[in-house]
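Residue numbering for the sequence shown follows my numbering, beginning at 1 and increasing consecutively. We put the CB at the ideal spot given by N, CA and C, even for glycine. Step one of this worksheet: look at the structure below.
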Amino acid sequence: MRLIGVETTSLRERVFALLQVCSEKKDLGASRDAYALIIKGGFDSIKVVGDHLIRLFALVSSLEDALYIFSQIHEPSLYTWNSIISASVQNGNPQQALSIYYSMSTPPDKITISSVLRASIAAQDIEAGKNAHNQVVVQGISLDFVFGSTLVDFYSKLGTLDEAWTVFNALMYRDVVTWGAMLSGFLQHGQPEKCLMYLEFMRQEGIQPNKVIFILILQAVNNGRVPVHGMAIHAELCTVGLEKDLAIESALIEMYSKHGFLEEAEIVFKSADSLDLVLWTTFIGTYVHCQKHQLAFKVYEEMLVKGLFPDKVTFLFLLQACGNEGNVLRGLEIHEKVTLSGLDKDLSIENTLTCMYAKCGYLDQACRIFDQILFRDEISWAAIIAGHVDFGHYHRAIELYIIMHMEGFCPTTSVLASILNACAHLAIVDEGRLIHDLITKLNFPNELYVENSLLFMYARCNKLLDAQYIFVKMSTKDIVTYTSLISAFADNGWVHDVLNLLNLMQVEGVDPDEGIFICSLVACANARAFQEGNWIHYLIFFHKVDLTSQLACTVMQMYMDCGMLQDAQAVFNLIAGPDVVLWSVLISGYNKHGKVSVAVDLVEEMLTKVEPDQIAYLSLLQVCCGVGFIKQARLLHSQIVESGLNYMPSVHSTILDMYTKCGSMEDAHRLFIRAKEKDLVSWGCMLAGYAMMGDMRLVNECLENMERDGLKLTRTRFTSILHACSHAGALTDAWHHFQCMGDGFDLVPSMDHYDGILDLLSRVGHVKHACDLLQTAPVPSNFGETSLFASYRTYGDEESSLSLITPYIS
């Protein structure tokens, strides 16, 4: 090999010049050719050549060659040991580095220990690092700030912050790198407040933060609760002139977005002197984090116009936005661009695609992506299992969990939370307990969303003692925690327990939301607990919760159910422009409590102010069912015709029922005749109407027509017929229909049917037949016995009348 442009004065210098050229080129083939020439020329006998070759092959990412050369050196020097240990760490094999360290025949120095500490961090081997630190103490190696910083970094990254702080305090001199290692440790292990506090200690030592420290502090503000610190840091960055650094701008945008300060994030982005892909991606991520998905897509389109193509991180944000919004069309578009970029086989992209399709409800496509992943990880399984749970495929989610377990994957907390939710919805508490035991066995840290899933599972399975046990053990509780337990208590009617939890929420500083207030009010309504419901109503105002239509309806319904009509009316009066649902609740409440005239007046008022929907009309039609309200009934009918809802079968039959109950059979008959199709419900309405009028001729006509059309009577219609026969005194017809129930329609007469026929038999004097029939009734009939007693008295049978009342006075 000729060395172009290299002037050499000796063979030794020529060898080192050759190695230098290979290092600059970073060419593995050239490096191996150079090694062959060195062997051929016998230059490998030069002591330091082996060390330089090891470093060269480490540089060109060939640890295999470096290890081979090391094996050929019979008496490695400390420099040689350091070279091969560093090469192993540099090429991603920390275990190899630690193995070589343990086999060293020469005492290590600071360089060795620094490499071993880096290997321990990469291998997450705390004991190896501690052994190396002990070696430092045994050998009496002095702790300068560079070596000390490496030790602090080691302990910080492996989470032993007490040891990191001990080393940190022992350093005679600390520079910005040492402080950075300590602050980074606090940040990485969930102590952002300490990170911010120790920044002030650093300043007191006269050390000013550099760019790296500023980024760490901004990240600490992201994870903390005091965004004002971030604003102060931003002001300081402007003072020191670092605010235009791209990495700083990216950290500022992320910090502002995490705390919901979108305007400030936009100002930083738009004031940037130059926008690179990282900054565009960070800004897209900002909108995704704040659930402003359409704005994220808009920024993405602007980025494309500027000629920048998304990278992997950009695609991940965009796919996440598609999933969160359920926008499968946009997701397909992004998926196509991912494929064109060649990133479609990247595992994190495949996982996010699976998650996106699952969240959009396209589980078949999600499963196709999942099945194509060659090397699935725990995140892949978590995505596909969560997708099935979210869309109610609980059994399939459990099947996938079993397959995951069979394939040797250890479930993550995310997977276990999903399976707990599946168990909750299927109400399979035994399987839920198995998952609970597994969580305990695996000794997972107490993560809030897992504890919430456990509590939800026990609450949905109505195991309230278990749910309360989980609740008491939880060190942190959020709105989800309280919602699960309060809903369970409300479902069981435990009003006082609901109130106790609401009090506890206030003590622990968790503000109740609309959902909690709604289920609490429903519990009070079901228990007719007016005082408790009134207090919850007060809490709604105390916590300044918006009185939405749904919440206002629930408050009104609670007052109505408790009989407090004036309180319900007062709530209604507070609403500016009440909607159709609020009107319906108010009208139904008055109607239910017998204030029919008020309800009917409200119907007329409502029709002038809002346009009812189908559900509201059905409710209003029930209100106008009564003699004396035919005017309002016709008004309501005309409104329904104008709305075009009169052709809906349920609406048509309810209008028919309204006219029959108003006693206007002419209107009912006219409506019935116009109907294109006459179903069982329509015939039944007409039958009930004629029966109420006592017109047995028309009742029988209806029955014949129904039989002709192949329609069978229901128990309810037989009740109407028997009572009609009773009022008309038509014993023969009544007895015929009573017999037909069992013979022609396979219906077992209920006590209502017995009461109808007993009343008729008693009134026409067929006392003995009535008494015999009463003995065959499935249960004693108070109404029947009363009718029979009256009949005995009417027809002078004192002895028989006394025999009926004897059981009640003895």
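Query	Result
Using 8 Å for Cβ pairs, my map puts isoleucine 126 next to leucine 158. What's the rounded Cβ distance?	5 Å
Beta-carbon separation of phenylalanine 471 and leucine 455 under 7 Å?	yes
Would you kindly work out how many angstroms separate the C-alpha atoms of isoleucine 334 and glutamate 301, rounded to a whole number?	12 Å
Can you give the Cα-Cα distance for glutamine 95 and leucine 59, rounded to whole angstroms?	19 Å
Excluding the 5 residues flanking aspartate 273 on each side, which residues of the same chain have their C-beta closer than 8 Å to its C-beta?	Lys244
Cα-Cα, which of Ile435, Leu304, Asp478, Gly180 is closest to methionine 202?	Gly180
Around the Cβ of threonine 339, are there at least 16 other Cβ atoms within 10 angstroms (buried) or fewer (exposed)?	exposed
Just verifying my parser: in three-state terms, what is the DSSP assignment at histidine 74?	coil
Would you call cysteine 238 buried or exposed, if buried means 16 or more other Cβ atoms sit within 10 Å of its Cβ?	exposed
Alpha carbon to alpha carbon, how far is phenylalanine 57 from leucine 19? Give it in angstroms, no decimals.	10 Å
List the whole-angstrom C-beta distance separating threonine 843 from cysteine 685, where the pair is believed to meet the contact cut-off of C-beta under 8 Å.	Beyond the ends of the chain as shown, which are 1 and 810, falls residue 843; an answer cannot be given.
For the candidate residues Ile398, Leu277, Phe315, whose alpha-carbon lies nearest to that of valine 288?	Phe315
Can you give me the Cβ contacts of leucine 242 inside the same chain, cut-off strictly under 8 Å, excluding the 5 residues immediately before and after it?	Lys211, Phe214, Ile248
The alpha helix (DSSP H) with lysine 837 in it runs from where to where?	Shown here, the chain extends from 1 to 810; a query on residue 837 therefore has no answer.
Buried or exposed for leucine 574, please, with buried defined as at least 16 other CB atoms from any protein chain shown within 10 angstroms of its CB.	exposed
Helix, strand or coil for proline 108, going by three-state DSSP, please let me know.	coil
Helix, strand or coil for glutamine 291, going by three-state DSSP, please let me know.	coil
Using the Cα positions of isoleucine 419 and tyrosine 401, report the straight-line distance between them to the nearest angstrom.	8 Å
Using only CA atoms, which one of His52, Glu200, Arg32 lies nearest to isoleucine 73?	His52
Residues in the same chain with beta-carbon distance under 7 Å from glutamate 163, minus the five sequence neighbours each way, listed in chain order, please.	Tyr155
Taking the alpha-carbon positions, what's the tyrosine 754 to methionine 696 distance?	19 Å
With a CB to CB cut of under 8 Å and the five nearest residues on each side skipped, what residues in its chain are close to threonine 160?	Ile126
Whole-angstrom Cβ separation of leucine 279 and serine 250, contact assumed at under 8 Å?	6 Å
Going by CA-CA distance only, name the one from Ile121, Met692, Leu711, Gly742 that's closest to serine 726.	Met692
CB-CB under 8 Å to leucine 582, same chain, minus the five flanking residues each way: which ones, in chain order?	Ser549, Ala552, Cys553, Met556, Phe572, Ile575
Mind checking which residues open and close the alpha helix (DSSP H) that includes glycine 589?	580-592
Residues in the same chain with beta-carbon distance under 6 Å from phenylalanine 147, minus the five sequence neighbours each way, listed in chain order, please.	Lys110
Tell me, to the nearest whole angstrom, how far the beta carbon of proline 512 is from that of leucine 539; I am working on the premise that it is less than 8 Å.	7 Å
Are valine 415 and cysteine 461 closer than 7 Å when you measure CB to CB?	no
Buried or exposed for serine 99, going by 16 or more other Cβ atoms inside 10 Å?	exposed
Considering only C-alpha positions, which residue in the set Ala633, Lys359, Cys625, Asn591 is nearest to leucine 607?	Ala633
Relative to the C-alpha of histidine 405, which candidate in Arg433, Cys423, Arg376 has its C-alpha closest?	Arg376
Note down, in chain order, each residue of its chain lying with its Cβ closer than 6 Å to the Cβ of alanine 523, except the 5 sequence neighbours on either side.	Ala490, Val495, Val498
Which word fits aspartate 657, buried or exposed, when buried means at least 16 other C-beta atoms lie within 10 angstroms of its C-beta?	buried
How would you label threonine 732, buried or exposed, when you count the other beta carbons within 10 angstroms and need 16 or more for buried?	exposed
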